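Down below is the structure, laid out as structure tokens.
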Amino acid sequence: MLGYYEGFPENPQKTAFFTFSISNKRLQQTLIQTLYEINGKSFDLQEVSDPSIPNCTVIFEFGIAEENTFNYLDKEENKKLLKVLKKTPFQITDFYCAVRYYKTKNDKKTPLKFDYYMVRFLFENKLLETRIFHERGPEHATPDDIINFIIGRINEKLSRKIVRILEES
Numbered sequence: 537m538l539g540y541y542e543g544f545p546e547n548p549q550k551t552a553f554f555t556f557s558i559s560n561k562r563l564q565q566t567l568i569q570t571l572y573e574i575n576g577k578s579f580d581l582q583e584v585s586d587p588s589i590p591n592c593t594v595i596f597e598f599g600i601a602e603e604n605t606f607n608y609l610d611k612e613e614n615k616k617l618l619k620v621l622k623k624t625p626f627q628i629t630d631f632y633c634a635v636r637y638y639k640t641k642n643d644k645k646t647p648l649k650f651d652y653y654m655v656r657f658l659f660e661n662k663l664l665e666t667r668i669f670h671e672r673g674p675e676h677a678t679p680d681d682i683i684n685f686i687i688g689r690i691n692e693k694l695s696r697k698i699v700r701i702l703e704e705s
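Okay, so the sequence shown: first residue is 537 according to this note's numbering, each after it adds one.
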């Protein structure tokens, strides 16, 4: 099933609840479009996290779940998701997130160990639940950082702050 990963871990490192004031469909469209747009783009680490490494850049790579695998969220996959979403909103969307780190020194980029996350978004009655599982890596960006970065980007795309934190655990 598109958007759902059967092997998602039962015990995520981070769970956060948000309220939102738009339709499930519109929030999901914005989420998918946001992840597609930041996919493969370079950000300074301080845009994402409290920088533990100076002069470090971050590149996100997102994949959308489809049963037991993840498909890279490229233009074709983005179109496919938005087309499915037009018919009916998802209740759950699972993503794989690779966070690549590069330290720059004397104009030379050196790759560092990457972080690998699984992120689940659950949508129900104006409530968004996010679950994030850190699979492996040095955790230069924490689960909190990843969720806050994504939600921040979603709110930037909308005309006002639509998604608000309700509770964290």
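Glycine included, every Cβ here is placed at the ideal spot set by N, Cα and C. Everything numeric in this text was worked out from a predicted model, so none of it was measured.
Just to confirm the assignment: which complete beta strand (DSSP E) runs, minimum length 3, are found wholly within the stretch 640-685?
644-647, 651-660 and 663-672
Taking 7 Å as the cut-off, does the CB of methionine 537 come closer than this to any heavy atom belonging to the ligand MN?
In the structure shown, the ligand MN is absent, as is every other ligand, since no ligand is present at all.
When you compare each of Arg672, Pro625 and Gly673 to phenylalanine 659 by their alpha carbons, which one comes out closest?
Pro625
My understanding is that alanine 601 touches valine 635, with C-beta atoms under 8 Å, so please give their C-beta distance in whole angstroms.
Going by Cβ atoms, the distance from alanine 601 to valine 635 rounds to 18 Å, so no, they are not a contact pair.
Return yes when the Cβ of isoleucine 568 is within less than 8 Å of the Cβ of asparagine 614, no when it is not.
yes
DSSP state of glycine 688, grouped into three classes?
helix
Does DSSP put isoleucine 568 in a helix, a strand or coil?
It is helical.
If you measure between the beta carbons of threonine 551 and asparagine 591, is that distance less than 8 Å?
No. Outside cutoff.
Alpha carbon to alpha carbon, how far is asparagine 642 from threonine 570? Give it in angstroms, no decimals.
32 Å
I need the boundaries of the alpha helix (DSSP H) containing glutamate 583, first residue and last residue.
581-584
From what residue to what residue does the beta strand (DSSP E) around cysteine 597 run?
Reading off the sequence shown, one finds glutamate at residue 597, where the question assumed cysteine. Counting along the chain, the beta strand (DSSP E) containing glutamate 597 begins and ends at 592-602.
Do glutamate 603 and methionine 537 count as a contact pair if the criterion is CB distance below 8 Å?
yes
Nearest-angstrom Cα distance between threonine 605 and phenylalanine 544?
So the two alpha carbons sit approximately 11 Å from each other.
Quick one, are the C-beta atoms of phenylalanine 685 and valine 584 less than 8 Å apart?
Contact: yes.
What three-state label does DSSP hand glutamate 546 in the structure shown?
coil
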